[in-house]
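I have placed the structure first, in the form of C-alpha cells, so that the comments after it can refer back to it.
Protein chains in written order, with my numbering: chain H, 75 to 201; chain E, 75 to 201; chain Z, 75 to 201; chain V, 75 to 201.
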C-alpha cells in the first residue's frame with residue numbers, strides 16, 4: 075500500500091540563483107520536507123523518531139528537472155511512499171505549479187540506529 | 075575525449091545536520107563547484123560564459139551516498155566531463171576522503187540561451 | 075506609521091546543525107520571508123517590484139540570539155516596518171515560539187535600481 | 075592580545091541570488107569559516123572542541139554590507155579575535171576583494187557545554 079501527501083512550498087528568494095530560478099539543490103530540501111509531512115500525516119513525527127533512535131539517511135537521490143521554478147512560486151510537492159519490509163524506504167516526488175509538472179524525483183532512505191548501523195524500518199511506519 | 079579535475083572541499087559547519095553529517099543537499103553544490111573548476115582548468119570561466127549568453131542548466135542529477143562526510147572533513151570532488159556534440163553535457167563525480175569513496179554522482183546539463191531556449195554547446199567547450 | 079505581520083515558519087532539517095539547533099544563518103532567510111509577507115499584506119509583491127526596477131538590498135543586519143530553535147519547531151516571525159521618506163527602510167523582527175522570545179533582529183534595506191544605484195523608496199510603499 | 079587570520083573564499087553560484095550578488099545570509103557562513111581557521115591557526119580544531127564538550131554558540135551577529143560580492147569572486151575574510159576572560163568571545167570581520175572593503179561584521183560567541191549551559195572559555199583558547 076502506498077501513501078501520498080501534497081505539501082505546499084513557496085520558493086524563497088535565497089533559494090534562487092542568478093538565472094532567476096530555484097537552484098537545483100533546493101529540490102532535495104523540498105523533498106525532505108514533503109516526506110516529513112507525509113510521515114506526520116501517518117501519525118509519526120520524525121523529530122520524535124530520532125529521539126527513539128530511529129534515523130533515516132538518504133542513500134540515493136535522483137531528480138529530473140523539466141521546467142524551472144522561480145522566486146515566489148507556489149509549488150506543490152507531491153510525495154508517495156513505497157513501503158516495504160526491510161531497511162529501506164522508497165519515495166517518489168512530483169513538483170507541480172498550477173497543475174504543470176516542473177520536476178520529478180526519487181529517493182531511497184536507509185533506516186539506521188544512533189551509530190549509523192542499518193536496522194529494520196519499525197513496523198508501525200510501514201503503513 | 076574526457077577531462078578530469080579533482081577539487082578540494084572542506085565540509086562547512088552550516089552544511090552539516092543534526093545527524094552530524096553533511097546534509098545530502100550539499101553534494102549538488104560541491105558537484106557544481108567541481109565542474110566549474112574543471113571548466114576553468116580547460117580555459118573557460120563560467121561567470122564569463124553567462125555574460126556571453128551561454129548558460130548551463132541542470133536537467134538531471136543523481137547521487138548515491140555510501141558513507142557520510144562529517145564536519146571539517148577534507149574531501150576531494152573528482153569530476154569527469156563527457157563531452158558530446160549537441161545541447162547536453164554529462165558529468166560524473168566521485169566524493170573521496172583519504173582515498174575512501176563516500177559518494178558518486180551524475181549530472182546532465184543542458185545548454186540554453188538567455189531566454190532558456192536550448193542551444194548547441196559552443197564547440198570550444200567540447201574539449 | 076508602522077505595519078506589522080506575523081509569519082509562521084517551520085524549522086527545516088536542512089537548516090539545523092550538529093548542535094541540533096537552527097543555524098544562525100537561517101534567521102536572515104526567515105527575516106526576508108517575513109518582510110516579503112508584510113509587503114504582500116500591504117498590497118505589493120516583491121517579485122513584481124523587481125520587474126518594475128525597484129530592488130531592495132540589505133545594507134545592515136543585526137541579530138541577537140537568546141534561545142535556540144530546534145528542528146520542526148513552529149515559529150512566528152514577527153516583523154515591523156518603519157517607513158520613512160528616503161532611500162532606506164528599517165525593519166525589526168522577533169522570533170517567537172509559543173509566546174517565548176527566541177531572537178530579535180533589525181535590518182536596514184536600501185532601495186536601488188537595476189544598476190544598483192540608490193533611488194527613493196516609491197511613495198506607495200511608504201504605507 | 076588579539077589574533078588575526080585572513081581566509082580566502084570563492085563565492086559559490088548557489089550562494090548568489092537573482093540580483094546576481096552573494097545573498098546576505100552567506101556572510102554569516104563565511105564568518106564562521108574564518109573564525110574556525112583562526113582557531114586552527116592557534117592550534118585548536120573546533121570539531122575536536124565539540125568532542126571535548128566545548129561548544130560556541132552565536133549570541134549576537136551584526137553585519138554592514140557596503141558593496142556586493144558577485145559569483146566567482148575571490149574574497150578574503152579577515153577575522154580578528156578579541157579574547158577576554160569569561161564566557162564570551164568577540165570577533166570582528168572584514169570582507170575584502172582585491173583590497174576593496176565589501177562588508178564588515180561582528181559576532182559574540184558564548185561558550186556552552188553539551189547541555190547548552192554557559193561555561194568559561196577554556197584558558198588555552200584565550201590566546
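The beta-carbon is built from N, C-alpha and C at its ideal position, and this holds for glycine as well. Quantities reported herein were computed from a predicted structural model and do not represent experimental measurements.
Neighbours of residue 103/H in chain E, taken as residues at a C-beta separation under 9 Å, are given in chain order as 97 and 99. Between residue 174/V and residue 81/V, the CB-CB gap reaches or exceeds 9 Å.
Annotation: residue 141/V is outside any alpha helix (DSSP H) and is labelled neither H nor E by DSSP.
Short of 8 Å from the beta carbon of residue 110/V, and not among the five residues preceding or following it, lie these beta carbons of its own chain, in chain order: 120. Contact between the region 127-134 of chain Z and the region 158-176 of chain V is absent: fewer than three C-beta pairs spanning the two stretches fall below 8 Å.
Here residue 84/H is exposed. Its C-beta has fewer than 16 other C-beta atoms within 10 Å.
The C-beta of residue 99/H has 16 or more other C-beta atoms within 10 Å across all chains shown, which makes the residue buried.
With 16 or more other CB atoms across the displayed protein chains lying within 10 angstroms of its CB, residue 155/V is buried. Listed along the chain, the chain E residues whose CB falls inside 8 Å of the CB of residue 137/H are 134, 135 and 136. By DSSP's assignment, residue 167/Z forms a beta bridge with 153/Z and 179/Z. By the neighbour-count criterion, in which a residue is buried when 16 or more other Cβ atoms sit within 10 angstroms of its Cβ, residue 142/E is buried. By a beta-carbon distance limit of 8 Å, residue 93/Z contacts residue 129/V. Their separation comes to about 6 Å. When secondary structure is reduced to three states using DSSP, residue 81/Z falls in the strand class. The shortest C-alpha to C-alpha distance from residue 195/Z to any of 97/Z, 162/Z, 150/Z and 178/Z is the one to 162/Z. Under DSSP, residue 134/H takes part in a beta bridge, and its partners are 182/H and 138/E. Rounded to whole angstroms, the separation of the alpha carbons of residue 183/V and residue 127/V is 15 Å.
Distance between residue 89/H and residue 177/V, taken at the CA atoms: about 22 Å.
Here residue 148/V is exposed: its Cβ has fewer than 16 other Cβ atoms, across all protein chains shown, within 10 Å. Proximity of residue 121/H to chain Z, defined by a Cβ-Cβ separation below 9 Å, is satisfied.
Taking the Cα positions, residue 113/Z is about 45 Å away from residue 159/V. Interface flag for residue 189/E against chain Z is unset, since no Cβ pair is found closer than 9 Å. Taking C-beta atoms under 8 Å as the contact rule, residue 87/V and residue 145/V qualify, at a distance of about 6 Å. For residue 103/E, the secondary structure class from DSSP, reduced to helix, strand or coil, is helix.
In the structure shown, residue 126/V falls within a coil segment according to DSSP collapsed to helix, strand and coil.
Between the alpha carbons of residue 186/Z and residue 157/Z lies a distance of about 16 Å. Within the region 160-181 of chain V, contact with chain H at the beta-carbon level (separation under 9 Å) is assigned to no residue. Residue 107/V and residue 197/H have their alpha carbons spaced roughly 42 Å apart.
In the structure shown, residue 96/E falls within a strand segment according to DSSP collapsed to helix, strand and coil. From the beta-carbon of residue 91/Z, the residues of chain E found nearer than 8 Å are 87, 88, 90, 91 and 92.
The closest CA to that of residue 117/V, considering only 170/V, 151/V, 79/V and 97/V, is found on 79/V.
C-alpha of residue 179/V to C-alpha of residue 137/Z: approximately 12 Å in a straight line.
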